[in-house]
Amino acid sequence: AFQILRFRPIIAAVLFALPCLSFRPPTTAKSLPITSKHFSLLAVESSTATPKIGVILLNLGGPERSEDVEGFLYNLFADPDIIRLPVFLSVFQSPIAKIISSRRAPKSIKAYESIGGGSPIVKWTRAQAKGIQDGLSTKGFKNANVYVAMRYWHPFTDEALKEMEDDGINTLVIVPLYPQFSISTSGSSLRVLREAFLSDLGKWGPQKLRHTVVPAWFDRPGYTKAMGRLIVKEIEKYSDEERKDGVVVLFSAHGVPQSYIEAGDPYKFQVEKCVSLIQREYEECGVKTELSYQSRVGPIEWLKPYTEDKIIELGKAGVKNLVVVPISFVSEHVETLEEIDIEYKELAEDNGIENWKRVPALNTDQFFLNDMTDLIIQALKEPSVSLSEACSQNNVDLGGDPLAQAVRENKTRNKLLGLATLGTVILDMCFGKGIGHLFGVPL
Numbered sequence: 002a003f004q005i006l007r008f009r010p011i012i013a014a015v016l017f018a019l020p021c022l023s024f025r026p027p028t029t030a031k032s033l034p035i036t037s038k039h040f041s042l043l044a045v046e047s048s049t050a051t052p053k054i055g056v057i058l059l060n061l062g063g064p065e066r067s068e069d070v071e072g073f074l075y076n077l078f079a080d081p082d083i084i085r086l087p088v089f090l091s092v093f094q095s096p097i098a099k100i101i102s103s104r105r106a107p108k109s110i111k112a113y114e115s116i117g118g119g120s121p122i123v124k125w126t127r128a129q130a131k132g133i134q135d136g137l138s139t140k141g142f143k144n145a146n147v148y149v150a151m152r153y154w155h156p157f158t159d160e161a162l163k164e165m166e167d168d169g170i171n172t173l174v175i176v177p178l179y180p181q182f183s184i185s186t187s188g189s190s191l192r193v194l195r196e197a198f199l200s201d202l203g204k205w206g207p208q209k210l211r212h213t214v215v216p217a218w219f220d221r222p223g224y225t226k227a228m229g230r231l232i233v234k235e236i237e238k239y240s241d242e243e244r245k246d247g248v249v250v251l252f253s254a255h256g257v258p259q260s261y262i263e264a265g266d267p268y269k270f271q272v273e274k275c276v277s278l279i280q281r282e283y284e285e286c287g288v289k290t291e292l293s294y295q296s297r298v299g300p301i302e303w304l305k306p307y308t309e310d311k312i313i314e315l316g317k318a319g320v321k322n323l324v325v326v327p328i329s330f331v332s333e334h335v336e337t338l339e340e341i342d343i344e345y346k347e348l349a350e351d352n353g354i355e356n357w358k359r360v361p362a363l364n365t366d367q368f369f370l371n372d373m374t375d376l377i378i379q380a381l382k383e384p385s386v387s388l389s390e391a392c393s394q395n396n397v398d399l400g401g402d403p404l405a406q407a408v409r410e411n412k413t414r415n416k417l418l419g420l421a422t423l424g425t426v427i428l429d430m431c432f433g434k435g436i437g438h439l440f441g442v443p444l
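Sequence positions in the sequence shown follow the working numbering and run 2 to 444.
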């Protein structure tokens, strides 16, 4: 039977025990100096004999083939930012990851097979990188290269850095492919990149590589207009009679635990602002707009309303025509193709919604790629923002992340919950379902 809610015993313990993807500085306690004292990279570049510009696009990643699934799951569960155990239990991290990934792989493979055999996120991200590189070349940056760095599967951050090193990149724009900033997405990827830089300052320090970060871009007119155009196209597919009956546009954003927001994560505010800006692009269509959050797991409170609840509510209210918009995603992947297109569509039909439409992800939409190109050029011209600054500006200061601090203040509770985490992991391996759905992994 179809079940949209997944209450997994492991999640409650994990979400309380891990400090919500905190940015933990390396044990060397190094700090990454501010890039070029806030000069624009182009201004600094003008005094450089052989400038070489690079752009790195950060994204989640995903298995492209069935044989990649278990390795992808292992990387996910072996990450202490996902299952963060106290030091005295850290020895169990790798064995737990190995057991869970091995046990879950067959189920995950079947889910990926339902969307074509693997995640298309890498394919789309590479295509976006090529489109942006072509755009930069057209606008005079002919020697600029665009790289892709994924968080949990190839190409990893270190692979992208190796390409940059081989190409002699000395000026870098860092762009997470998440329009809205969250510690669990952009923040996690920026932490990994920052640690890579700190591990070899002789190679990646400010004397060798000048960098700037674009931490969020949810309010860019080019992006909101591109989204608005796609929504209008779907609305216009309804007949005049159907439009007279009423059409609802439902934005579905990826959810995060409410505790993240209470600790300073700017994600909710940015999502709501983003939706209000996009809404202006189709307001003449005379439709109603709703916002909900998908992919919640466990019994703790996440951002509300939940997408599954909102769909049921709309169905009970007599809504027949529904346009769903994935707002947190710029490329198709498992959460759009499986969770929205299969699970939520079935839920909508079961609740009387007859005419379902889903706005496609931006993928290689030319308006979107043009705006991303302009974003990068603008970032090169404006005062630079370092990795450390980008985190601090989004309430995840590297030295005092409020999400991490809340946990550190109660070490005893941490240890007890760490034991609970280990126990629930073991129970989960025997009886329950996995936690991968938190990160878009169908388990």
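C-beta: ideal position from N, C-alpha, C; glycine also.
Quick one: using the 10 Å Cβ neighbour count with 16 as the cut-off for buried, is Asn60 buried or exposed? So Asn60 counts as buried.
Does the distance from the C-beta atom of Met165 to that of Gly62 stay below 9 Å? No, the Cβ-Cβ distance between Met165 and Gly62 is not below 9 Å.
Exposure label - Asp266; buried when at least 16 CB within 10 Å: With 16 or more other Cβ atoms within 10 Å, it is buried.
Compare the C-alpha of Ala98 against each of Leu90, Gly223, Tyr75 and Val193 and name the closest. Closest in alpha carbon position to Ala98, among Leu90, Gly223, Tyr75 and Val193, is Tyr75.
Hey, how far is the Cα of Ile133 from the Cα of Thr374? In a straight line, the C-alpha of Ile133 is about 5 Å away from that of Thr374.
For the region 283-347, which segments carrying the beta strand (DSSP E) assignment without a break, of at least 3 residues, lie completely within its bounds, in sequence order? Runs found: 289-295 and 322-327.
Using the beta-carbon count (16 or more within 10 Å), is Arg281 buried or exposed? Classification of Arg281: exposed, given that the 10 Å Cβ count is below 16.
In whole angstroms, what is the alpha-carbon distance linking Ser95 and Ile110? When rounded, the distance between both Cα atoms is 21 Å.
Can you check whether the CB of Val123 is closer than 9 Å to the CB of Met151? The answer is yes: Cβ separation under 9 Å.
Within 9 Å, strictly: CB atoms of Gln129 and Val360: No, the pair does not count as a contact, with Cβ atoms beyond the cut-off.
Give me the DSSP bridge partner(s) of Ala79. None; Ala79 has no bridge partner.
Run the CB neighbour count on Asn144, radius 10 Å, all protein chains shown included, and call it buried at 16 or more, exposed below. Asn144 should be labelled exposed.
Can you list, in chain order, the residues of its chain with a C-beta nearer than 6 Å to that of Val70? Leave out the 5 residues immediately preceding and following it. Excluding positions up to five away in sequence, the list reads Pro64, Ala106, Ser109 and Ile110.
Can you tell me whether Asp372 is buried or exposed, with buried defined as 16 or more other CB within 10 angstroms of its CB? That one is buried.
So, using beta-carbon positions, are Thr51 and Gly169 closer together than 9 Å? Remark: C-beta atoms of Thr51 and Gly169 approach each other more closely than 9 Å.
Alpha helix (DSSP H) segments (min. 4 residues) lying fully within the region 114-182: Fully enclosed alpha helix (DSSP H) runs of 4 or longer: 122-139 and 158-168.
With distances taken from CA atoms, which of Ile328, Arg104, Phe73 and Tyr294 is nearest Leu304? Ranking the options by Cα distance to Leu304, first place goes to Tyr294.
Between Leu323 and Glu243, what straight-line distance do the alpha-carbon atoms span, to the nearest angstrom? So the two alpha carbons sit approximately 11 Å from each other.
Can you give me the start and stop residues for the beta strand (DSSP E) that Ile57 sits inside? Element bounds for Ile57: Ile54 to Asn60.
Per-residue burial, Gly319 [other beta carbons within 10 Å of its own, 16 or more giving buried]: A residue is called buried when at least 16 other Cβ atoms come within 10 angstroms of its Cβ; Gly319 does not meet this threshold and is exposed.
Count Cβ pairs between the region 274-289 and the region 245-263 that sit closer than 8 Å; are there 3 or more? With a cut-off of 8 Å, the region 245-263 and the region 274-289 count as touching, because enough Cβ pairs lie within range.
Would you mind giving the Cβ-Cβ distance between Pro216 and Asn395, rounded to the nearest angstrom? I have them listed as a contact below 8 Å. Taking C-beta atoms under 8 Å as the contact rule, Pro216 and Asn395 qualify, at a distance of about 6 Å.
Coarse secondary structure for Ala391, derived from DSSP in three states: It is helical.
Could you have a look at Pro258 and say whether DSSP puts it in helix, strand or coil? Collapsing the DSSP output to three states places Pro258 in a strand.
Could you please give me the residues that DSSP links to Leu251 through a beta bridge? Leu251 is bridged to Glu291 and Val325.
Beta carbon of Cys392, beta carbon of Ile328: below 9 Å? In this structure, Ile328 does not lie closer than 9 Å to Cys392 by Cβ.
Looking at His334: is its Cβ nearer than 9 Å to the Cβ of Trp154? No Cβ-Cβ contact shorter than 9 Å links His334 with Trp154.
Give a single yes or no on whether Ser189 has its beta carbon closer than 8 Å to a heavy atom of the ligand SAM. Of the ligands one can find in the structure shown there are none, so the ligand SAM has no counterpart to examine.
Compare the beta carbon distance of Tyr179 and Ile232 with 9 Å and say whether it is the shorter of the two. Against a cut-off of 9 Å, the Cβ pair of Ile232 and Tyr179 comes out as no contact.
Kindly identify the DSSP beta-bridge partner or partners of Asn364. Assignment of beta-bridge partners to Asn364 by DSSP yields no partner.
Quick one: grab the DSSP three-state call for Ser240. Of the three classes helix, strand and coil, the one that applies to Ser240 here is coil, per DSSP.
Given Val386, which residues of its chain have a CB within under 6 Å of its CB, disregarding the five upstream and five downstream residues? Contacts found: Thr213 and Val214.
Minimum C-alpha distance to Ile279 - residue among Lys234, Lys317, Phe219 and Ser102: Taking each of Lys234, Lys317, Phe219 and Ser102 in turn and checking the Cα distance to Ile279, the smallest one comes out for Phe219.
Cβ of Arg230 within 9 Å of Cβ of Phe93? Taking 9 Å as the Cβ cut-off, Arg230 and Phe93 do not qualify as a contacting pair.
Measuring CA to CA, which of His255, Asp310 and Lys358 is closest to Phe182? Ranking His255, Asp310 and Lys358 by Cα distance to Phe182 puts His255 first.
Over what stretch of residues does the alpha helix (DSSP H) that includes Lys274 continue unbroken? That run of the alpha helix (DSSP H) goes Tyr268 to Gln280.
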